[in-house]
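K.L.:
Okay, handing you the structure first.
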Amino acid sequence: AQSVTQLGSHVSVSEGALVLLRCNYSSSVPPYLFWYVQYPNQGLQLLLKYTTGATLVKGINGFEAEFKKSETSFHLTKPSAHMSDAAEYFCAVSGGSNYKLTFGKGTLLTVNP
Amino acid sequence: EAGVAQSPRYKIIEKRQSVAFWCNPISGHATLYWYQQILGQGPKLLIQFQNNGVVDDSQLPKDRFSAERLKGVDSTLKIQPAKLEDSAVYLCASSSGMVNTEAFFGQGTRLTVV
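Line by line, the protein sequences are chains A and B.
Each residue of the first sequence is one higher than the one before, counting from 822 in the working numbering.
Each residue of the second sequence is one higher than the one before, counting from 28 in the working numbering.
Structure (structure tokens):
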């Protein structure tokens, strides 16, 4: 079984401030981890993914995330928020023989001028 | 390459009516997912196909929902009869099915049941 917990349903930051969105996962097998972004009335777009290898992964739009196995975490960060980053962000985990993809409940990021 | 196509984009029906959604995945993608996303929540997997076989449908309300994937390509999701609580966005996604590859999502169908 696998699950994802995203801490904080809503995060608000000022433009230029650090963005930190938290994700913890549970998986009985080595996980594949993903962050997706969803803009209003749109589907989900992949930001970045961790499969194997380097635990710090870089994605699009300046985002990065670090896989910490000991903490079962995969937090998403961006050094400096931009207004265009305002969206909903979903962490997801996949693993096992059927690659079922399980999502967290999402974190809504607002960026204040 | 073309993305995942879904239709219609929006649908409004009355409760107890039936509705069907269509999805055309990225060419060559073996895995197809249908997710239900209720407002303010994360996507919930309804059904996962590998080619034309069902891999997981544990969260599909089988008394009213059905899905098929013809010839391992296009897929349809049907609701009959619809309930008010079925109001949601229905997302289709596909992936190559290979290890470490991500799922690509369509824009979704927003269903409103009144």
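For each residue, glycine too, the CB sits at the ideal point set by N, CA and C.
Values in this document were obtained by computation on a predicted structure and should not be read as measured data.
1) Tell me whether A902(A) is buried or exposed, calling it buried when 16 or more other Cβ atoms sit within 10 Å of its Cβ.
2) So what does N845(A) bridge to, in DSSP terms?
3) For the putative contact between V46(B) and F131(B), defined by C-beta atoms under 8 angstroms, what is the C-beta separation to the nearest angstrom?
4) Pull up the CB-CB distance for L868(A) and F888(A), whole angstroms please, since I reckon it's below 8 angstroms.
5) The beta strand (DSSP E) spanning A47(B) covers which residue range?
6) For N933(A), does the three-state DSSP call read helix, strand or coil?
7) Which residues of chain A have a Cβ atom closer than 8 angstroms to the Cβ of M129(B), listed in chain order?
8) Note down, in chain order, each residue of its chain lying with its Cβ closer than 7 angstroms to the Cβ of A57(B), except the 5 sequence neighbours on either side.
9) In chain order, what residues of the same chain lie with their CB nearer than 6 angstroms to the CB of A880(A), ignoring the 5 residues before and after it?
10) Could you tell me whether the stretch 102-121 of chain B touches the stretch 35-51 of chain B, where touching means 3 or more Cβ pairs closer than 8 angstroms?
P.N.:
By the coordinates alone:
1) By 1-based counting over the first sequence, the position of residue 902(A) is 81. Residue burial is scored here from C-beta neighbours: A902(A) has at least 16 other C-beta atoms within 10 angstroms and is therefore classed as buried.
2) Working through the first sequence from its first residue, we reach residue 845(A) at position 24. T826(A), S894(A), per the DSSP bridge assignment.
3) Within the second sequence, numbered from 1, the residue matching residue 46(B) stands at position 19. Within the second sequence, numbered from 1, the residue matching residue 131(B) stands at position 104. With 8 angstroms as the limit, V46(B) and F131(B) do not qualify as a contact, their Cβ atoms being about 24 angstroms apart.
4) Counted from its first residue, the first sequence places residue 868(A) at position 47. Counted from its first residue, the first sequence places residue 888(A) at position 67. Between F888(A) and L868(A) the Cβ distance is about 14 angstroms, and since that is not below 8 angstroms, they are no contact.
5) Along the second sequence, read from residue 1 onward, the residue named residue 47(B) stands at position 20. Looking at the DSSP string, the run of the beta strand (DSSP E) that includes A47(B) is 46-51.
6) Residue mapping note: residue 933(A) aligns to position 112 of the first sequence, counting from 1. DSSP places N933(A) in strand when its eight states are reduced to three.
7) Here residue 129(B) refers to the residue found at position 102 when the second sequence is read from its first residue. The sequence as given places Glu at residue 129(B); Met does not occur at that position. Residues of chain A passing the Cβ test: F855, L867, K870.
8) As a working mapping, residue 57(B) is identified with position 30 in the second sequence. Around A57(B): Q77, N78, S123, G124.
9) For the purposes of this step, residue 880(A) is identified with residue 59 of the first sequence, where counting begins at 1. Ala is not the amino acid found at residue 880(A); the sequence shown has Gly there. Sequence-distant Cβ neighbours of G880(A) in its own chain, meaning closer than 6 angstroms and more than five residues away, are L868, L869.
10) Under the Cβ criterion (8 angstroms, minimum of three pairs), the stretch 102-121 of chain B counts as touching the stretch 35-51 of chain B.
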